[in-house]
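Trainee: Taking this note's numbering, I'd label the letters of the sequence shown as residues 1272 to 1371. Backbone N, C-alpha and C define an ideal beta-carbon position, used for all residues, glycine too. Please read all numbers here as calculations on a predicted model, not as lab measurements. Starting off with a structure, shown below.
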Amino acid sequence: MKIVKVVAIIILIASFFIGNDVVEKWTLRSMTISDFTESCNGDFRCIEAIESQADGCLEKANWKEFLEDKDNLAKGKYFAETLTHCFVDAKGKQYFPPQR
């Protein structure tokens, strides 16, 4: 986890030289993969799903709108819930279903 944060800082510095959107998405994608794969508890299929579905799930969760207005609670809630419930197995079952 610490390595991801160090890499994120390096990437943010690099954003001065390349497109900011590319860096923001890459950083958010890296953090998403790191955070969610930890929640897989070593389940290889879960980890593989997170890695392969991260880009699509970030798009579905409107990552760009979220980053543009991080203080907006409604956008933050939508982003978190949509991203969390987006990752599914081969049968379409959510890896992280809503808690009831």
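List, from N- to C-terminal side, the alpha helix (DSSP H) runs of 4 residues or more that fit wholly inside the stretch 1300-1367.
Mentor: Taking only runs of at least 4 residues, the alpha helix (DSSP H) segments lying wholly in the stretch 1300-1367 are 1315-1331, 1334-1339, 1344-1357.
Trainee: Leaving out the 5 sequence neighbours to the left and right, which residues in its chain are closer than 8 Å to D1292 when beta-carbon positions are compared?
Mentor: In the sequence shown, counting from the first residue as 1, residue 1292 sits at position 21. Contacts found: K1335.
Trainee: How about Q1365 and H1356: do their beta carbons lie closer than 7 Å?
Mentor: As a first step, residue 1365 is located in the sequence shown; it is residue number 94 there, counting from the start. As a first step, residue 1356 is located in the sequence shown; it is residue number 85 there, counting from the start. Yes, the pair counts as a contact, with Cβ atoms nearer than the cut-off.
Trainee: At the level of alpha carbons, what is the spacing between T1353 and K1331?
Mentor: Taking the first residue of the sequence shown as position 1, residue 1353 is located at position 82. Taking the first residue of the sequence shown as position 1, residue 1331 is located at position 60. Going from the Cα of T1353 to the Cα of K1331 covers about 7 Å.
Trainee: Just to confirm, is the Cβ distance from Q1324 to F1367 under 7 Å?
Mentor: Start at 1 with the first residue of the sequence shown, and residue 1324 comes out as number 53. Start at 1 with the first residue of the sequence shown, and residue 1367 comes out as number 96. It is not a contact, given that the beta carbons lie outside the stated cut-off.
Trainee: Give me the Cα-Cα distance between G1313 and D1306, rounded to the nearest whole angstrom.
Mentor: What you label residue 1313 is simply residue 42 of the sequence shown in a count that begins at 1. What you label residue 1306 is simply residue 35 of the sequence shown in a count that begins at 1. Their backbone Cα atoms lie some 13 Å apart in a straight line.
Trainee: If we ignore side chains and look at the alpha-carbon of each, how far apart do D1342 and D1360 end up?
Mentor: Within the sequence shown, residue 1342 is the residue found at index 71, counting from 1. Within the sequence shown, residue 1360 is the residue found at index 89, counting from 1. Approximately 32 Å between the Cα atoms of the pair.
Trainee: What number of angstroms, rounded off, separates the C-alpha of D1326 from the C-alpha of Y1349?
Mentor: The residue labelled residue 1326 in the question sits at position 55 within the sequence shown. The residue labelled residue 1349 in the question sits at position 78 within the sequence shown. So the two alpha carbons sit approximately 17 Å from each other.
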